[in-house]
Structure formats: structure tokens, C-alpha cells
Amino acid sequence: MPCRAGPVGSALVGRRRSVERASVESVSIGRASVGRASVELKASGVVARTAARGLRCSRVGARAHRVALAVVLALATLCALSSAARAAWPDRPIRLVIPSVPGGGTDTSSRIIAARLAEILGQPIVADNRGGASGNIGADIVAHAPPDGYTLLALIASHASNMSLMKQVPYDLVRDFAPISQTVTLPNVLVAHPSLPVKSLAELIEYARARPGELQFGTAGIGANQHLAMELFLGTAGLRMVHVPYKGIGPALTDTVGGRIPLMIGNMLVVLPHVRTNRLRALGVTSARRAEAAPDIPTIAEGGLPGFEAVQWYGLVAPAGTPPDIIARLHAGVVRVLREPAVRARFAADGAEATPSASPEAFGVLIREEIAKWATVVREAGIRAD
1454 MPCRAGPVGS
1464 ALVGRRRSVE
1474 RASVESVSIG
1484 RASVGRASVE
1494 LKASGVVART
1504 AARGLRCSRV
1514 GARAHRVALA
1524 VVLALATLCA
1534 LSSAARAAWP
1544 DRPIRLVIPS
1554 VPGGGTDTSS
1564 RIIAARLAEI
1574 LGQPIVADNR
1584 GGASGNIGAD
1594 IVAHAPPDGY
1604 TLLALIASHA
1614 SNMSLMKQVP
1624 YDLVRDFAPI
1634 SQTVTLPNVL
1644 VAHPSLPVKS
1654 LAELIEYARA
1664 RPGELQFGTA
1674 GIGANQHLAM
1684 ELFLGTAGLR
1694 MVHVPYKGIG
1704 PALTDTVGGR
1714 IPLMIGNMLV
1724 VLPHVRTNRL
1734 RALGVTSARR
1744 AEAAPDIPTI
1754 AEGGLPGFEA
1764 VQWYGLVAPA
1774 GTPPDIIARL
1784 HAGVVRVLRE
1794 PAVRARFAAD
1804 GAEATPSASP
1814 EAFGVLIREE
1824 IAKWATVVRE
1834 AGIRAD
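Residue numbers (the working numbering): 1454 to 1839.
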């Protein structure tokens, strides 16, 4: 039988239940407190994470800024070093590639200019003869040289005509080179053996028109500068003659002086001595104006073909990408050399004329014009050098 609690027991039980209710309430209040604390902690965590993320972003931004600043400073340093290096240019010898064998007109004119230019620049200019393939061997070397101003090319008129004469040329004259200046022009002279019954260009044109395909003319070879000049003359005048190519200007001159062929175009330096001794008759110079070395010989343009011009010319170029300030210094030096009376007199004695370009850009325009002009002549005359 269950025992009933007495008054004391009942009091104890009531007190225990009160404690339990208080405990439950405490637990409930505690849970609520824990919940609020959790919310507060969660909220604090969000703020903390947000603050941490911002701090990380700030650190990343600062890091990126430092990297960007370092890159800018490095580039500025490189530019400064590059400018300083160019300002010191030249600090060692310069190599001048001459695309011919020693002793010819290209070699002689290049060495005259190089000797004086070296004095102006304060460094030796070393001539490196690389003849062959109508100047292509030397041009190819320079086209692939570092564009630092220490390798130059003595450019010749044949380089412009090679672009259309040959199927494969290992360079692009416009793309692969930086023009500096034209240096010298050497007029050609149309000459006849005295046995040919003509005394002027007008008489030659009339005589040849009455005999299409009968007259012969000699040249230094297929595609040579004098050959192209003669083809330009024939095309402009509307004449037909027979081309007799020789292996060099010497044999062609010998046969013309000997009367075995009646006509040829040769450079002033080669033919003028024979004109002075009456072994050849000069009919016209191929330059736009009369030559200083022979002012008594009229131009072909004066003789009835307005605008005619076909000269041997020389120039100076560097590899494409050579800094513009170096190109400008080279151009200024070349102009200074070619304006000196002693240098001009030296060229004039050989029948040549010092003709510096007004600017590197002007020389570039001339090169493009020459390429286009000779491409037309080559196409219309059907000439192939290879």
C-alpha cells in the first residue's frame, strides 16, 4: 500500500517541484540567452568574415598595385637604359656591307663616304664586300642583322629592279630595310660608234624606226642597270633593237669601241674617256639634267623623250627596326659628308654627283618609285634574269 506523505514530505515535494520549475525556467531562459548569443555570434562572424574579406581584398589590391608599380618602374628603367644606350651610339665599329667585289663603282663610292662618316661619328666603319647575285647576297645579310645601328648596307639601283627581275629574292626592299639616304647618282650615256650615220638622238630615233629589229646594242648582261635603261629608252621611243648581253661592261665597251656593235649605254665613268677621244659619239645622258662632268652632252629628255631618267644610284640603308634617332644621326652625317666640297669634287671627277636625300622618308619614296618603274619596264620588255 503506498505511503502517503506527511506534512513534512508534502513540503519537501512541493519545494522540489518549485526547484524543478525554476530549473526548467532557467534552462528555458538559458536557451533563449544561448540563442541570442548565437545570433549575435553569427552576426559578429558575418561582420568578421566581411571585414576579413575586405582586408584580404585590400591586401590583394595593395599587392597588385605594388606589382603594377614595379612593372612601370622596370619599363621606365629599360627605356632609360635603351635611351642611354642609343645616346652612346656608336660605341664600337660599324659594319658596312658592300654588295660588290672590291674596286667597282659601288665599292669606291661607299668607301669614300664611309671614311669621312667614320670621322664624324667617332667610330671606324669597316667595309665588308659581299658581292654576288646582283647584290642579293649582301642585302640578305643586312636584312637579317640586328637593328642596332651597327650593320649598314650600301644599296644600289639593282636592288630595286631585282624585285621584279628575279623569281625569288631573299628580302623585301620596303619591309626589311630602314632608308637612310641616297648618296650618289651616276648617269649613263647612250653612245654610238662613229660609223653609225647619226649625230643626235633625234637622228637615231628616226634611223632606228626605219630599220626595226636591225640595230644591235650591247650591255653588261641581262637585267643590268644599263640593259634596263636601254629597254626604257626603246619602250619610250617605240623602237625595236636586238640586245647583245655581255659578261660585264668591259667586253661590251670593247666591242662598241671596235665597231662590232653600233650602240650601247654605259656609265659616265666608263664611256666618257672614249667620247673625249672621239672613239665614241655621245647621243644623250640618261639623267634628268645634264651631268656636271659633261655639261655639253644633252639629256635624252632634251633629245625628244620628256621625263626620261635612268641613272645608276647608290644609297645607305639599315635593317628595319633600327631606332629612328640612330637613323636621323646617320642621315645627318651622310648629308654633311656629301655637302663637303672636297667629296663633291671627288665624285664629279668620276662623272658622278653627290645627291643626298632631303630625309630618310624621301629616300624611302624614291625606293618605292624605282621598284614600280622597273617592274613596268621588266614586264613590258619580258625580261627575266633567272
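For each residue, glycine too, the CB sits at the ideal point set by N, CA and C.
request  = Could I get the ranges of all uninterrupted beta strand (DSSP E) runs contained in the region 1645-1690, with 3 residues as the minimum, in chain order?
outcome  = The qualifying runs are 1669-1672.
inquiry  = So the candidates are Thr1739, Pro1704, Thr1707 and Val1550; which of them puts its Cα closest to the Cα of Thr1689?
reply    = When each option's Cα is compared against that of Thr1689, the closest is Thr1739.
message = Could you give the first and the last residue of the continuous alpha helix (DSSP H) run that contains Ser1611?
response = Element bounds for Ser1611: Ala1610 to Leu1618.
Neighbourhood of Val1685 by C-beta distance below 6 angstroms, restricted to the same chain and skipping five residues each side = In the sequence on display, residue 1685 carries Leu and not Val. Same-chain partners within the cutoff: Ala1763 and Val1830.
query = Between Ser1614 and Glu1823, what straight-line distance do the alpha-carbon atoms span, to the nearest angstrom?
reply = A straight-line Cα-Cα distance of about 7 angstroms links Ser1614 and Glu1823.
ask   = In whole angstroms, what separates the C-alpha of Gly1507 from that of Pro1600?
value = Because the pLDDT of Gly1507 is 47, which lies under 50, any placement of that residue in the model is unreliable, and the question is left without a value.
inquiry  = Would the region 1813-1823 count as touching the region 1788-1797 if we require 3 or more Cβ pairs under 8 angstroms?
reply    = Segment contact: the region 1813-1823 against the region 1788-1797, fewer than three CB-CB distances shorter than 8 angstroms; contact not assigned.
task = With DSSP as the reference, label Ser1587 as helix, strand or coil.
result = Ser1587: helix per DSSP, three-state reduction.
key: Residue from Val1550, Ile1753 and Ala1828 with nearest C-alpha to Ala1655   = The option with the nearest alpha carbon to Ala1655 is Ile1753.
task = Tell me whether Trp1766 sits in a helix, a strand or coil according to DSSP, three-state version.
result = In the displayed model, Trp1766 falls within a strand according to three-state DSSP.
task = Could you give the DSSP three-state label for Asp1581: helix, strand or coil?
result = In this structure, Asp1581 counts as strand in the three-state DSSP scheme.
The region 1616-1629 / the region 1645-1661 touching (three or more Cβ pairs under 8 angstroms) = Counting Cβ pairs under 8 angstroms, fewer than three are found: no touch.
key: Short Cβ contact (7 angstroms threshold) for His1646 with Pro1726   = Not a contact, by the Cβ cut-off of 7 angstroms.
ask   = Which of helix, strand or coil does DSSP assign to Thr1638?
value = Note: Thr1638 maps to strand in three-state DSSP.
ask   = When the Cα atoms are used, what is the spatial distance from Arg1837 to Ile1578?
value = If you take the alpha carbons of Arg1837 and Ile1578, they lie about 36 angstroms apart.
key: Beta-carbon contacts of Gly1835 that lie in its chain and below 6 angstroms, excluding the five residues immediately before and after   = Here Gly1835 has no same chain residue with a Cβ atom under 6 angstroms from its own Cβ, once five neighbours each way along the sequence are excluded.
task = Check the DSSP bridge columns for Glu1823 and list the partner residues they point to.
result = Bridge pairing for Glu1823: absent [DSSP].
task = Evaluate the contact criterion for the region 1704-1711 versus the region 1663-1674: three or more CB pairs, one atom per stretch, below 8 angstroms.
result = They touch, by the three-pair rule.
key: Ala1607 - partner residues in DSSP beta bridges   = In the DSSP assignment, Ala1607 forms a beta bridge with Leu1769.
message = Count Cβ pairs between the region 1629-1636 and the region 1774-1783 that sit closer than 8 angstroms; are there 3 or more?
response = Yes, the region 1629-1636 touches the region 1774-1783.
message = In the DSSP output, what is Val1695 paired with across the bridge?
response = Gln1669, per the DSSP bridge assignment.
key: Run of the alpha helix (DSSP H) containing Arg1732, from where it starts to where it stops   = Where Arg1732 is concerned, there is no enclosing alpha helix (DSSP H), because DSSP gives it neither an H nor an E.
query = Within the 7 angstroms Cβ cut-off, does Asp1560 reach chain D?
reply = The structure shown contains no chain D; it holds only a single protein chain.
inquiry  = Quick check on His1597: buried or exposed, where buried means 16 or more other Cβ atoms within 10 Å of its Cβ?
reply    = Note on His1597: under 16 other CB atoms within 10 angstroms of its CB, so exposed under the neighbour-count rule.
message = In the DSSP assignment, the alpha helix (DSSP H) including Ile1753 goes from what residue to what residue?
response = Per DSSP, Ile1753 is not a residue of any alpha helix (DSSP H), being assigned neither H nor E.
message = If I measure Cβ to Cβ from Ala1661 and keep anything under 7 angstroms in the same chain, skipping five residues before and after, which residues do I get?
response = Exclusion of the five residues before and after Ala1661 leaves Leu1668, Leu1692 and Met1694 as the residues of its chain whose Cβ lies within less than 7 angstroms of its Cβ.
query = For the region 1801-1821 against the region 1730-1739, are there 3 or more C-beta pairs whose distance is under 8 angstroms?
reply = At 8 angstroms Cβ cutoff, the stretches do not touch.
ask   = Run through DSSP, which three-state label would Ile1551 get?
value = Ile1551: strand per DSSP, three-state reduction.
inquiry  = Is it buried or exposed, Ala1682, if we count other Cβ atoms within 10 angstroms and call 16 or more buried?
reply    = That one is buried.
key: CB of Leu1549 within 7 angstroms of CB of Ala1580, strictly   = Taking 7 angstroms as the Cβ cut-off, Leu1549 and Ala1580 qualify as a contacting pair.
message = By the three-class DSSP mapping on this structure, what secondary structure does Leu1626 have?
response = Taken through DSSP and simplified to helix, strand or coil, Leu1626 comes out as coil.
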